[in-house]
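Protein chains: 2
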Amino acid sequence: MTFDLETARAYDRRDPLRAYRDRFVLPQDVVYLDGNSLGALPRATAGRLEAVVGEEWGRDLIRSWNKHDWIVAPQRVGAKIAPLIGARPHEVIVADSTSVNLHKVLAAALGLRPDRRVVLSEPGNFPTDLYIVQGLAGAGRCELRLADAEVIADQIDAEVAVVLLTHVHYKSGRMHDMARITTAAHAAGALVIWDLSHSAGAVPIDLGGCGADFAVGCGYKYLNGGPGAPAFLYVAERHQATARSPLTGWMGHAAGFEFRDDYEPAAGVARFLCGTPPILGLTVLEVGVELIAEIGVDALARKSRELSEAFIGLVMGAGRAVELELASPADPHARGSHVSFRHAHAYEVCQALIGAGVIGDFRAPDILRFGFAPAYLGFEDVWRAADQLSRVLDQRLWAREEFRVRQAVT
Amino acid sequence: MTFDLETARAYDRRDPLRAYRDRFVLPQDVVYLDGNSLGALPRATAGRLEAVVGEEWGRDLIRSWNKHDWIVAPQRVGAKIAPLIGARPHEVIVADSTSVNLHKVLAAALGLRPDRRVVLSEPGNFPTDLYIVQGLAGAGRCELRLADAEVIADQIDAEVAVVLLTHVHYKSGRMHDMARITTAAHAAGALVIWDLSHSAGAVPIDLGGCGADFAVGCGYKYLNGGPGAPAFLYVAERHQATARSPLTGWMGHAAGFEFRDDYEPAAGVARFLCGTPPILGLTVLEVGVELIAEIGVDALARKSRELSEAFIGLVMGAGRAVELELASPADPHARGSHVSFRHAHAYEVCQALIGAGVIGDFRAPDILRFGFAPAYLGFEDVWRAADQLSRVLDQRLWAREEFRVRQAVT
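Top to bottom, those sequences are chains A and B.
Read in order, the letters of the first sequence are residues 1 to 410 in my numbering.
Read in order, the letters of the second sequence are residues 1 to 410 in my numbering.
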């Protein structure tokens, strides 16, 4: 099949999610394949934010904690995320950052397995996940053990307290079999924490069906919650009465507004709150979550597979195997919503593509990463991106001096 | 002296800070005496936020981390807070919540005093401060000891690792002598953490001059950073190379964008960053901080004393001593920017005042608290508030059934 521009446009015309593109603000002159790093701006966000700032903060001031239910925003937005990840509404809250939430649920999980010390993860997991374990290890709370993804389920022995994995790998897009690994962990007496940062809002997740213990995830990727959006965390109901957060702030207290001297954890997942909730961040995230929930994860995942398959077909079909190596699983059901390639000059290729209006990203040392956020991308975007990639490689545009300049964030 | 409405208006006309009132959005029909809990909305906030959302996030998308320097926002806003608290620009960052920051600096301070276990604080300190200590105590990291404020400097013995105090007490407004207590702590070999939540932006603070070790503070009170604004933390330069944050996230890594498996703390205070910085929250806080810095803390503190003295004079001068007890120091130099009274029915009085358009707040069990945010309040506000308080007490309006209904947040 020749997947040319006309074919791409025909696909777009038949795309049942086509109308959602206009629900996002997207610049005219770029193809944005980095929604897995920072999701696009929903069109409704500015108005909602204006109302919360102008009317709630500006006019109702402190009264808004009650009048506009600010105080339950972490639970309200969490409950809206819950169906996207196979959780029940009272199992999810929005709070802090993914890293801070990881610290909280990891310390809590270790507390539930006091006779075990090992946290099992994989080398090359998203760095903050490993760093958070190392922080707790440095405090004498655990030790980190790494095992390759392919064999990790077989490495869960009686020393392992917690298996900590990212569901969809940030570089390769490889998706773990959540049910299989969770079952293996439980069979060995371990608990599992899933980092859903690269999967929430993009692929179906069934935390409840898999029997997962804890999870965390990011608000600013496929949930379109804006740069540095607050993150979410999940605690299975069966652990809520016994799991203890190490960050014992007043918002996680059973009766925070009684201002008592002694800490007593709140009932339920609310004990994993810590400081005052970031109302503006929660407002913006809520808009993004509502939009993703409206579209539906199954439809998003289906379209994501179609987009990424088309892209891989265009790129690899053009005889690029000499220069580019597919770094993602070839099976679209084994991937999340992004596709990665290795290239010896990945940084420069990425910069040259950005110069040509195709925004993907680079992950050290040699990964070119392209995210296919299905809520707002179309097949013409895919065709244009592949076309520009061909041009950058054919004409060796990446070799230009200007594309070697390193940025602070890459 | 009779401080009547005409006098109040005359004071307002001579007030050198009078013009700043219009730099804030304030509802016409209220006297807002709760800026110590949630600061008012600066008029410039909406526009700045609109630009960051629409132009930076919406148009420049992921490129904004470099193009708009999002990546250094925690340091940039921290550097703007620094002069307000007597710190150097490289000693302050904005990150997370006050509670999370307390956990970070407390764990770091304990790490610097490995042979000592006691954290000394005072009973009735702001609850989250005590709770955070209790969380670390529960993990076996320390033990909490409490001593009354009046004698605390004498209680710092060789077992004390860290003295943790809130500079201005959230209920009484009583201000600790930062220099004296810090000196006493150092003489005993202990470190000091100051919680500046109720003082930053309202009273002069000289962390550097006092030799303070660590500090944290709130962004949404006198800094007008909006509900749940990100908080700040201070690490004295001399501790930056050795102090270690327990929340070892990727943003505190020496080379976060090299995505290595092993954690290595960043140089300087940046190692106390953890997750991805909340860009919208930082943007909003920056507007508030710039405005407070423009006015200047000395001028703000002077006006605060004048406002609160006028209020106390009006309230206590009217023969209220039977019903109301001043719960704040009578000396304005020994107070922060809020004034509290005890009343047997403080909750109901507070609700009745809110019903009359005077917004103060209640702190359990019997405190009526009035904040005098000097950036936007005037003497007429003070007169009106005292007038309504007289009416509520004279007519026993607080005894009405409607004012007994408890709110979620009080």
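Glycine included, C-beta positions come from ideal geometry on N, C-alpha and C.
Predicted model only: the values in this text are computed from it and were never measured.
Measure from the alpha carbon of B:Leu26 to the alpha carbon of each residue in B:Tyr376, B:Asp96 and B:Leu144, then state which is nearest.
B:Tyr376
Using a 10 Å radius around the Cβ and a threshold of 16 neighbouring Cβ atoms, would you call A:Ala212 buried or exposed?
buried
Tell me the residue span of the alpha helix (DSSP H) that contains A:Asp366.
A:Asp366 -> no alpha helix (DSSP H), and no H or E assigned at all.
Could you name the residues of the stretch 260-275 of chain B whose beta carbon sits closer than 8 Å to any beta carbon of chain A, in the order they occur along the chain?
Arg260, Asp261, Asp262, Tyr263, Cys274 and Gly275
Where does A:Asp195 sit, in a helix, a strand or coil, going by DSSP?
strand
Using a Cβ-Cβ cut-off of less than 7 Å, list which residues of the stretch 86-106 of chain B approach chain A; keep chain order.
Contacts with chain A (Cβ-Cβ distance below 7 Å) from the stretch 86-106 of chain B involve Asp96, Ser97, Thr98, Ser99, Val100 and His103, listed in chain order.
For B:Pro42, which option in A:Arg59, A:Cys218, A:Ala40 and A:Gly226 has the closest C-alpha, if you only look at C-alpha atoms?
A:Arg59
Flag this pair as yes or no: are the beta carbons of B:Val203 and B:Met178 separated by less than 8 Å?
With contacts defined by Cβ atoms closer than 8 Å, B:Val203 and B:Met178 do not form a contacting pair.
By DSSP, does B:Pro42 sit in helix, in strand, or in coil?
strand
Hey, how far is the Cα of A:Ala321 from the Cα of A:Ser197?
30 Å
For the alpha helix (DSSP H) containing B:Arg342, list its first residue and its last residue.
B:Arg342 -> not in any alpha helix (DSSP H); beta strand (DSSP E) instead, spanning His338 to Arg342.
From what residue to what residue does the beta strand (DSSP E) around B:Phe214 run?
That run of the beta strand (DSSP E) goes Phe214 to Gly217.
Alpha carbon to alpha carbon, what distance is there between A:His345 and B:Ala95?
35 Å
Between A:Val31 and the rest of its own chain, which residues show a CB-CB distance below 6 Å, the 5 nearest in sequence each way excluded?
Val358, Asp381, Arg384 and Ala385
Any Cβ of chain B within less than 8 Å of the Cβ of A:Pro114?
no
Any residues in the stretch 242-262 of chain B with a beta carbon nearer than 9 Å to a beta carbon of chain A? Which ones, in chain order?
Arg244, Ser245, Pro246, Leu247, Thr248, Gly249, Trp250, Met251, Gly252, His253, Gly256, Phe257, Glu258, Phe259, Arg260, Asp261 and Asp262
Between the Cα of A:Gly288 and the Cα atoms of A:Ala188, A:Ala149 and A:Leu223, which residue gives the shortest distance?
Out of A:Ala188, A:Ala149 and A:Leu223, A:Leu223 has the C-alpha closest to the C-alpha of A:Gly288.
Check this for me: beta carbons of B:Val339 and B:Ser308, under 8 Å apart or not?
yes
Can you name the residues that DSSP bridges to B:Met178?
Answer is none; B:Met178 lacks a bridge partner.
Can you tell me whether A:Thr166 is helix, strand or coil according to DSSP?
strand
Helix, strand or coil, according to DSSP, for A:Phe272 in the structure here?
helix
Compute the beta-carbon to beta-carbon distance between A:Arg76 and A:Ala82, rounded to the nearest angstrom, for a pair I have assumed lies under 8 Å.
That belief does not hold up - the Cβ atoms of A:Arg76 and A:Ala82 are roughly 11 Å apart, past 8 Å.
Quick one: measure Cβ to Cβ for A:Tyr131 and B:Thr248, integer angstroms, because I've assumed they're closer than 8 Å.
5 Å between Cβ atoms; contact.
Going along chain A, which residues have a C-beta under 7 Å from B:Tyr32?
Here the neighbours are Leu61.
Compute the Euclidean distance between the alpha carbons of A:Val235 and B:Glu290, then round it to the nearest angstrom.
40 Å
Counting only Cβ pairs nearer than 7 Å, list the residues of chain B close to A:Tyr131.
Thr248, Gly249, Trp250, His253 and Tyr263
Report yes if the C-beta distance between B:Glu143 and A:Ala364 is below 8 Å; otherwise report no.
no
Is it buried or exposed, B:Thr242, if we count other Cβ atoms within 10 angstroms and call 16 or more buried?
exposed
Is the CB-CB distance between B:Ile295 and B:Ala327 below 8 Å?
no
What whole-angstrom Cβ distance do A:Leu49 and A:Leu280 have, given they're in contact under 8 Å?
7 Å
Below 8 Å between beta carbons is the criterion; list the residues of the stretch 32-49 of chain A that meet it against any residue of chain B, in chain order.
Tyr32, Asp34, Ser37, Leu38, Ala40, Leu41, Thr45, Ala46 and Leu49
Taking all protein chains shown into account, do 16 or more other C-beta atoms lie within 10 angstroms of the C-beta of B:Asp394, making it buried, or fewer, making it exposed?
exposed
With distance defined between alpha-carbon atoms, name the residue in B:Gly228, B:Gly189 and B:Glu237 nearest to B:Leu207.
B:Glu237
Using a Cβ-Cβ distance under 8 Å, would B:Ile292 count as near chain A?
no
Report the rounded CA-to-CA distance for A:Gly86 versus A:Gly209, giving the unit in angstroms.
7 Å
Comparing the C-beta of A:Thr7 with each C-beta of chain B, is any distance below 8 Å?
no
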